[in-house]
Each structure stands twice: as C-alpha cells, then as structure tokens.
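Enquirer: Input: one structure, supplied below.
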Amino acid sequence: MAHSSSDSVSLLAAVGTIALTTSWLAVRRSEQVTVTRLRGVLRTLESATFPFSPNVLEQMRGLTDAHFIVLDRRGNVMASTVALERPFPRWADSVPVSEDLDGLLEYPLVSVGGDPYFAARLQAERPGEAAWLIVLYPVRNWREDRWNAAWPPLAIGATTLLVMAAVSGLLASRLGRRIRSVQQLFARIAEGQFAHVPVAAPRDELADLLVSANRLSDRLKQMQQTIRQTEQLRVLAQIAGGLAHQLRNDITGARMALELHRKRCGTAKGDESLRIALRQLVLTEDHVRSFLAFARRDQTASPVTADVRALLEDIRSLLQPTCEHTGVKLDLSVNLPEEAAMVGAGEALRIAVMNLVLNAIEAAGSGGHVWIRADRDADTVRLEVVDTGPGPPSEIQADLFEPFVTSKPEGVGLGLAIARRVAEELGGALYWQRQDGRTVFTLCWPIGDGKLDLAEKLPPERVPNPIPTSTPP
C-alpha cells in the first residue's frame, strides 16, 4: 500500500513538472515571436522610403500594437502616436539601436504617460529632417502574451493532476479494501475460522492471493478435521486398550464355563441353546477384535485366506438367531465360481460383512427383510447387503463412512468405517444407494491382485449393473 502511494506521488510530481516545463517553453516561444515580430517591424521601417507622417504612424500602430515617435537630428519630436510630456524627456538619447539587442528584456524600459514600454531606436533618413524613429512596445501587451501562452499548459496540467489525484484516490481506496479483505481472511484463519472470501474482478495479483488464501483455508480446515479425528482415535485406542483385556477375559471365562458345562452335563437332543450361546460369545469377541483393529491403525486384519461362500454361510447361521429374535427375514444368495470365491483377508472381510448385515437387520426392524447377495461381475467380486429399511438420515449421508458418525443414540459409529477400511485393504470400495425403496450397500474388490478404480461413494450413473438374481419377494 505504501509502495502504491509512493508511485502515485511520483506520477503526480512528474505530471506537474511536465506542465510547468511546457508552460515555460510556451512563454519562451511567445516572447521569441514578439521579439521576431518587433525586429521585423524595425527592419521594415528602417528600409522604408515613405515619410513617417502622423497618418502613417497611426496605421503602423494599428498593425503592430506599438507606439512610434519620430525625432529630428536635434532630438525634437516631429510626430508621435502617444501623448508625450513637455518638455520631451531626454531618455531618447539613451535608447540603443535595435540591431545591437537580441532579447525583448534587453530593450530598455521607459515610462510614457505613466505606462511602461520596451523602447527601440533606429536611424531613419527621411525627407523633412527625420533622423530617428523610436518604437515603444507596451509592457502590458508583453505580459498578456506571456500569460496567454502560459495558462493553457498550466490549465491542462492542473486538470490532469486533479483527474489523476481523483483516480489515484479511487484506486487506492479499492486497493485498500481488497488488501483489508486479505488481512481479515488471514486474521480469521489465524483464529481458526476457515471461511472463504469472494474473489472479485479484476483478476490480478491480489485476486491470485485471495484464491491461494482460500485454498490455504480449505487445507487447514481439512488438516484440523484430520487432527481432531486422529486425536479421537488416539483417545479411543487408549480406552479400548484398557477395556479389551477385561472384555476378552470375561468372554473367555464365559465360553470356558459353557464348554465345561456341556462336557459335564451334556445337552438334550435337539437343544441348540448352548451352541448358540457359544457362537454369540464368538460374535462378541469378533466385535471387540474389529473395534481394536480399527482403533489401532498399526494393526491390520488377519491375512488368512478364506472361501467367501463358506464365510457368508457362517455369517448367516451366526446371525440367524438374532434375526429370529428381532423378526427379520434373512436370505443368502451366492453365485461365485471357485477362482472368485477365495479372498486373502478372510477374517477382515467377515468383520466387515458382519457389520453391514447387523446394520441392515437393525434398519429393517420387525417384519423387515435382509438379503446377502454375492456374484462375479467381470473381474470383480461384488457383495451386496440389501434391507427394506428407510435408509440413512439425510443429515449424515455425506459423512456416512466417517468414524463416529451415527444416528443411533447408543451407537458408536464405527461399523461402516471398519467396513470401508476393509474394502480399501482388499483393493476395492464400499458405497451405498437407495434402489426401489431399499437400501443397498455394495462392497466390491478385484479378483486376484489389483485395485478397483472406484470412489467410496459412487453416483447412481457409475454404480455397476445389479447382480442377476431373482427379485426378492
């Protein structure tokens, strides 16, 4: 801002200097024209042969704006266009001959009738004893000529200065407002408020700075969210580390007690209660393990290879009691060839699908329906979990796969985050959509090594074609 003001002052000073110089040169030219004209008159009169009568002198006065006095050899006035004092002043003898002078200011100043004149003298040999001709040029005319020559450049310069000052003030004001907006933006960023400032025309360096500042604001906002999320996960990992040991001990103790009871007392024929209780303990242990695997980022899912077909059947049988208790119908449809059925992270996939199906059962509610469907789609395995529930609330849809995002008062908000992480570890993606009044979560991963070029949440036009299976009732 200070640099811009200095430039404006320098420019105004330059314009003022140019105006003064132009005015001075115009005055000089005007004076040269006057001197040249006066010299021409003197040369013409000096070489003229006509007598200097009063009529001739009056005509010359009208043409030149000068006064003329004719003297004889004794210095007496023979004719004059100006009223002279009596007796005639003796300054006429001191007036130099015109050819000896170069500039108008070099002509002597004389006073005639109270008015100042530049005086020039030339020799005039004429009939009737005329010996000298004195030419008087009014100082008033000289000053008027100088002023008439000086004021146009000065007026133009003054007008230019005023216009430039007004324009400079306007530009400085606009520039100041834009600079203040940049300062305010960075002040808000420093206070942790990552809002945007609109970028208006013109597109100059300040506009580029605002664009960069807005980008910086976005990056800082993302970093703040990442730091906050990382801090949440760090605290969660600390809490989970303390709880995990106690939970595992409790689960192990309960499972050992049930197994010991089954060995000692046996079970009635057809009684599946102990087996179901043991499997529910296994399910609880899986939840604890998946929670810890997500909270501790340095731990990855087990790399044990598994058959997806057997894995899904195991999940169905494990969750069937839960479905019967909640009144939800659970169907499984798997159509995978041998080469597509094997997955390298079977335990992680089982945790992810378990979370998806449990969410679907809870969303479907009593009288609802849940489908687990798996099929091959070209070089991709696609697994869908479909439910008849209303779908996620609109206020959390944009962040549905982020940790701790949930609409359930008692929920933690980690199930979908764990499932997405597993999908990424498999080189695939997890996304969801509403289709025919149902909620469809789709988990895709490539067959063999590789990685799918899929976003974690795809728009409907990019969603793969539905798996060819019979329409659920």
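So for the sequence shown, this note's numbering puts the first residue at 2; every next one is plus one. For glycine and all other residues, C-beta sits at the position ideal for the given N, C-alpha and C.
1) Would the beta-carbon of L72 fall within 8 Å of that of A132?
2) Answer with buried or exposed for H197, where buried requires no fewer than 16 other C-beta atoms within 10 angstroms of its C-beta.
3) Could you spell out the range, first to last residue, of the beta strand (DSSP E) harbouring Q434?
4) By Cβ distance, which residues of its chain are closer than 6 Å to S218, with the 5 residues on each side in sequence left out?
5) Considering Cα atoms alone, identify which of T440, E426, I419 and V358 is closest to Q398.
6) Rounded to a whole number of angstroms, what is the C-alpha to C-alpha distance between K330 and T389?
7) Note the first and the last residue of the continuous alpha helix (DSSP H) segment covering V164.
8) Kindly indicate which three-state DSSP category R317 falls into: helix, strand or coil?
9) Beta strand (DSSP E) containing I373: first to last residue?
10) What are the boundary residues of the beta strand (DSSP E) that includes I70?
11) So what does F442 bridge to, in DSSP terms?
12) Determine, for A214, whether the minimum Cβ-Cβ distance to residues of chain B falls below 8 Å.
13) Leaving aside the five residues before and after K447 along the sequence, list all residues of the same chain whose C-beta is less than 7 Å from its C-beta, in chain order.
14) What does Y108 pair with, by DSSP beta-bridge criteria?
15) Let me know if V387 comes out buried or exposed under the rule of 16 or more other beta-carbons within 10 Å of its beta-carbon.
16) Return the residue from the list G449, E426 and G416 that minimises the CA-CA distance to F442.
17) So G78 is in the beta strand (DSSP E); what residue range does that whole segment cover?
18) Helix, strand or coil: which one does DSSP assign to I448?
19) Does DSSP put S303 in a helix, a strand or coil?
20) Give me whichever residues DSSP pairs with T381 in a beta bridge.
21) Do L282 and L319 have their C-beta atoms closer together than 8 Å?
22) Kindly examine the ligand HEM and report whether one of its heavy atoms sits closer than 7 Å to the Cβ of L110.
23) Determine the DSSP secondary structure at V406, reduced to helix, strand or coil.
24) To which residues of the same chain is D400 closer than 7 Å at the C-beta, ignoring the five residues directly before and after it?
25) Within the same chain, show all residues whose beta-carbon is closer than 8 Å to that of V212, passing over the 5 residues directly before and after it, in chain order.
26) For the stretch 151–166 and the stretch 17–36, state whether three or more C-beta atom pairs, one from each stretch, are separated by less than 8 Å.
27) Would P109 pass as a contact of V140 if the rule is Cβ separation under 8 Å?
28) Going by CA-CA distance only, name the one from S367, L279, V305 and V83 that's closest to S112.
29) For L444, which residues from the same chain have a beta carbon less than 6 Å from its beta carbon, with the 5 sequence-adjacent residues on both sides left out?
30) If contacts are defined as beta-carbon pairs under 8 Å, then I70 and V78 qualify, I think. What distance do you get, rounded to the angstrom?
31) With a cut-off of 8 Å, do at least 3 Cβ pairs link the stretch 167–185 to the stretch 34–41?
32) Where does A361 sit, in a helix, a strand or coil, going by DSSP?
33) Could you spell out the range, first to last residue, of the alpha helix (DSSP H) harbouring V1?
34) Since L64 is in the alpha helix (DSSP H), which residue starts that stretch and which ends it?
35) Since I135 sits in a beta bridge, which residues does DSSP pair it with?
36) In three-state terms, what does DSSP make of P322?
Expert: In short, the structure shows the following:
1) Against the sequence shown, residue 72 aligns to sequence position 71. Against the sequence shown, residue 132 aligns to sequence position 131. Against a cut-off of 8 Å, the Cβ pair of A132 and L72 comes out as a contact.
2) Within the sequence shown, numbered from 1, the residue matching residue 197 stands at position 196. By the 10 Å Cβ count, H197 comes out exposed.
3) Here residue 434 refers to the residue found at position 433 when the sequence shown is read from its first residue. Note, Q434: beta strand (DSSP E), A430 to Q436.
4) Walking along the sequence shown from the start, residue 218 turns up at place 217. Counting only Cβ-Cβ distances below 6 Å, and skipping sequence neighbours, we find I190 and F195.
5) In the sequence shown, residue 398 corresponds to position 397, counting from 1. Among T440, E426, I419 and V358, the Cα nearest to that of Q398 belongs to T440.
6) What you label residue 330 is simply residue 329 of the sequence shown in a count that begins at 1. What you label residue 389 is simply residue 388 of the sequence shown in a count that begins at 1. Taking the straight line joining both Cα atoms gives about 10 Å.
7) The residue given as residue 164 occupies position 163 in the sequence shown. Start and end: V140 to A191.
8) Taking the sequence shown and counting its residues from 1, one reaches residue 317 at position 316. Residue state, collapsed to three classes: helix.
9) Counting from 1 along the sequence shown, the entry for residue 373 is found at position 372. Segment H370 to D378, the beta strand (DSSP E) holding I373.
10) Here residue 70 refers to the residue found at position 69 of the sequence shown. Counting along the chain, the beta strand (DSSP E) containing I70 begins and ends at H68 to D73.
11) Position 441 of the sequence shown, counting from 1, holds the residue named residue 442. For F442, which the question treats as bridged, DSSP gives the partners V386 and W433.
12) Chain labels in this structure do not include chain B; a single protein chain is all it has.
13) Position 446 of the sequence shown, counted from the start, is the residue given in the question as residue 447. The residue asked about is misnamed: residue 447 is Pro in this sequence, not Lys. Counting only Cβ-Cβ distances below 7 Å, and skipping sequence neighbours, we find D380, T381, G428, G429 and L453.
14) In the sequence shown, counting from the first residue as 1, residue 108 sits at position 107. Answer is none; Y108 lacks a bridge partner.
15) The residue given as residue 387 occupies position 386 in the sequence shown. V387 should be labelled buried.
16) Residue mapping note: residue 442 aligns to position 441 of the sequence shown, counting from 1. With distances taken between Cα atoms, F442 lies closest to G416.
17) Stepping through the sequence shown from its first residue, residue 78 is reached at position 77. Reading the sequence as shown, one finds Val at residue 78 and not Gly. Note, V78: beta strand (DSSP E), V78 to S81.
18) Taking the sequence shown and counting its residues from 1, the one referred to as residue 448 is at position 447. Three-state result, I448: coil.
19) Indexing the sequence shown from 1 puts residue 303 at position 302. For S303, the pLDDT reaches just 49, beneath the cut-off of 50, and the residue's location in the model is therefore unreliable, although a value from the coordinates is still provided. Coil at S303, not helix or strand.
20) The residue labelled residue 381 in the question sits at position 380 within the sequence shown. DSSP lists D378 and P447 as partners of T381.
21) Reading the sequence shown from its first residue, position 281 is the one you call residue 282. Reading the sequence shown from its first residue, position 318 is the one you call residue 319. Cβ atoms of L282 and L319: not closer than 8 Å.
22) With respect to small molecules bound, the structure shown includes none, and the ligand HEM cannot be examined in it.
23) To locate residue 406, count along the sequence shown from 1; it is residue 405. Coil.
24) Locating residue 400 in the sequence shown gives position 399, where the first residue counts as 1. Correct list, in chain order: V406.
25) The residue given as residue 212 occupies position 211 in the sequence shown. For V212, where only same-chain residues beyond five positions count, the Cβ hits under 8 Å are V200.
26) Judged by Cβ distances under 8 Å, the stretch 151–166 makes contact with the stretch 17–36, as three or more pairs qualify.
27) Here residue 109 is taken as the residue at index 108 of the sequence shown, counted from 1. Here residue 140 is taken as the residue at index 139 of the sequence shown, counted from 1. Going by C-beta atoms, P109 is not nearer than 8 Å to V140.
28) Position 111 of the sequence shown holds residue 112. For the residues S367, L279, V305 and V83, the minimum Cα distance to S112 belongs to V83.
29) Position 443 of the sequence shown holds residue 444. Result list for L444: L384, A424 and L431, in chain order.
30) Locating residue 70 in the sequence shown gives position 69, where the first residue counts as 1. Locating residue 78 in the sequence shown gives position 77, where the first residue counts as 1. The Cβ separation is near 6 Å, so the contact holds.
31) No, the stretch 167–185 is not in contact with the stretch 34–41.
32) Start at 1 with the first residue of the sequence shown, and residue 361 comes out as number 360. A361 falls in the helix class under three-state DSSP.
33) The requested residue 1 does not occur in the structure, where the chain is confined to residues 2 to 474.
34) As a first step, residue 64 is located in the sequence shown; it is residue number 63 there, counting from the start. Residues P55 to T65.
35) Counting from one through the sequence shown, the residue named residue 135 turns up at place 134. DSSP lists I70 and R122 as partners of I135.
36) In the sequence shown, counting from the first residue as 1, residue 322 sits at position 321. In this structure, P322 counts as helix in the three-state DSSP scheme.
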